[in-house]
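Counted from 1, the sequence shown has number 240 at position 60 by the working numbering; the numbering is strictly sequential. Heads up, the beta-carbon is just placed ideally off N, CA and C, and yes, glycines get one too. One structure below.
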Amino acid sequence: MLAGAVKTGHKPDYFLIATVFILTVFGIAMLASASSELGKVKFNDSYYYLKHQIFYGLSLGAVGFFLGSFINYQHYKKFAFPLLLVSIAALALVFTNLGVEVRNATRWLQVGPISFQPAEIMKITFMVYLAAWLSNPKMRRERNFSEGLLPFLFVSGTVAALLLFQPATSTVVILLGAGLAVYFLGGAELKYIALMILLGVIALGIIIYITPYRFERIIGFLNQSEDVLGKNYHVTQSLIAIGSGGLTGRGFGQSITKANSLPTPIDDSIFAVVGEELGFIGAGSLVVLFGILAFRLFWLAKNVRDRFGKLILIGFGTIIALQSFINMAAISGLAPLTGVPLPFVSYGGTALAVFLTMTGVAVNISKYS
């Protein structure tokens, strides 16, 4: 039996804090380099995107990190379901006149002067909700079909449907993958996990098959040497950028492709800029940093006695591991191209604020490990 939450904590995990700090500083530095030419061309300001990221992402994320690290995580349990409902409502609102379309995808919500991506916020609220839902000591939902599996499928299906219509297929894979990890490590029976994986693979396969642009991405991934000026242009330019970096790179700020041929160098393709400017050593170090962060969260989960905190850490660790892997693998030609940003590094205020808040909550949980 897992014990209840410890009432008094100790010092936080400084190793986790240091890892997050290094990743954040690295991300800001790489964004400054990757966005300089684009900012100059579009806004006549080389630091436009950097200033925007610091003001709307880093500043809010720092507040979220410190609040998350100081507020006892047990308080989130009572608000988990209301927060999930608000997040689902926000996902639905992007299809109203409040939604903003960017690159043929409606993922942004504009409320007055404030714009944000509800899908990013869902990464926190969905994990907290699942952790609270599965940690109820009076119910063994993870082993019950009618009170466990069916409600899990209903909530997950609702979230997935809203995201697929945006469309945000990669976010669906990340969220449901993390949710499945939480459900499985929370004690679910293997037959339930196998059923959900089977249903997920079938549903995803059907969705890809009936959606032309998704199907073309899969075909392009399987035939990367074909149509390099068409559907495979993005990944081709990314591979050229990474390959031109060699072992040590061209040098910080010296990327050639970011100003000419590389699509979306500040968000989806920023890992290619890292490879070009810092080489295999720099890109490899970034991969290692993400591995260290994910491993540390899983290690803390193993040592937390409270079930609620343990499941939150598993969810957060899986999201960071999956999202960083999907982005870097896609840009390196090892997975189908996606539009998912690289955590802590890619341009995007909502994403940076969410990941910093997420790790702040993890720091608070580490006080009770």
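Tyr380 lies in the alpha helix (DSSP H); which residues open and close that run?
Position check: residue 380 holds Gly in this sequence, whereas Tyr was assumed. First-last of the alpha helix (DSSP H) with Gly380: Leu370 to Ile390.
When DSSP labels each residue in this structure, what does Trp524 get in the three-state scheme?
Rather than Trp, the amino acid found at residue 524 in this sequence is Phe. In the structure shown, Phe524 sits in coil (DSSP, three-state: anything other than H, G, I, E or B).
Would you say the segment 430-438 touches the segment 457-475, given that touching needs at least three Cβ pairs under 8 Å?
yes
Please list the terminal residues of the continuous beta strand (DSSP E) segment that includes Arg287.
Ala285 to Val291
Opening and closing residue of the alpha helix (DSSP H) in which Ile294 lies
Where Ile294 is concerned, there is no enclosing alpha helix (DSSP H), although the beta strand (DSSP E) it sits in stretches over Ile294 to Phe296.
Short check: CB of Ala531 to CB of Ala501, under 8 Å?
no
At what residues does the alpha helix (DSSP H) containing Val362 begin and finish?
Thr349 to Leu365
Taking only three categories from DSSP, how would you classify Glu217?
helix
DSSP three-state call for Val280: helix, strand or coil?
strand
Using only CA atoms, which one of Ser526, Thr518 and Gly489 lies nearest to Ala542?
Gly489
Inter-residue CB distance, Arg476 and Leu196 (contact presumed, cutoff 8 Å)
5 Å
DSSP state of Ala185, grouped into three classes?
For Ala185, the pLDDT reaches just 42, beneath the cut-off of 50, and the residue's location in the model is therefore unreliable, leaving the point undetermined.
Quick test of your reading: Thr537 and Gly248, contact by CB under 8 Å. State the CB separation rounded to the nearest angstrom.
5 Å
Quick one: grab the DSSP three-state call for Met190.
Reading the sequence as shown, one finds His at residue 190 and not Met. His190: coil per DSSP, three-state reduction.
CB-CB length for Ile450 against Leu522, believed under 8 Å
6 Å
Span of the alpha helix (DSSP H) holding Tyr413?
Tyr413 to Gly425
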